[in-house]
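So the number in our numbering is just where the residue sits in the sequence shown, counting from 1, plus 44. For each residue, glycine too, the CB sits at the ideal point set by N, CA and C.
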Amino acid sequence: GNHRYRNQDMNESGFRSYFREHNQNFTLLEPKSTYESAAVAREITEQLLSEHPDMCGLFVSGGGITGALGALRDAEIPKDFVSIGYELIEATRKGLIDGTLTMAIAHPMAAIARRTIDALTRAKAFDGTGVSPNITLGFEIYTSENI
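And the structure:
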């Protein structure tokens with residue numbers, strides 16, 4: 045991904061926060077920018093695996109997931125290696141099925157669209173005089189067992 049995308053920066057922050065709170069024994073590497081490129085993500089993943097042979101997981105917070113998955117498929121990673129990516133697309137679905145990807149975190153696009161249209165409709169009905177709604181939607185977690 046890229047830190048210029050606020051959501052990807054927040055993803056990293058939440059990820060690090062989890063480990064600070066629940067398991068401080070992990071060494072978290074500094075994030076690498078893939079520039080939303082599969083080729084760059086593949087190269088970075090190969091480099092990380094080479095430089096850190098004891099690496100036990102990979103979190104792909106942004107673009108380039110297809111490249112990262114390709115590198116993981118070509119590498120000899122342990123069975124308990126954990127890989128996490130975003131969105132349920134053809135590549136992540138295939139990764140979940142073949143075991144290359146452990147989990148995909150997805151935004152509920154249909155619900156986002158529906159809630160956005162509802163909020164816009166309400167705002168129009170109140171002619172902009174109402175309070176702006178604050179809408180929080182959860183995310184969906186996919187594994188090989190629930191796709």
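Identified DSSP bridge partners for residue 148
129 and 186
Closer than 8 Å is the cut-off here; do at least three beta carbon pairs connect the stretch 101-108 with the stretch 128-136?
yes
State the CB to CB distance for the pair residue 111 and residue 150, rounded to an integer number of angstroms; the pair is presumed to be in contact (CB under 8 Å).
With 8 Å as the limit, residue 111 and residue 150 do not qualify as a contact, their Cβ atoms being about 19 Å apart.
Minimum C-alpha distance to residue 52 - residue among 155, 79, 87 and 153
79
Do residue 135 and residue 156 come within 8 Å of each other at the CB atom, strictly closer than that value?
no
Could you tell me if residue 165 is buried or exposed, where buried requires 16 or more neighbouring beta carbons within 10 angstroms of its beta carbon?
exposed
Provide the residue(s) that pair with residue 103 in DSSP beta bridges, ordered along the chain.
128
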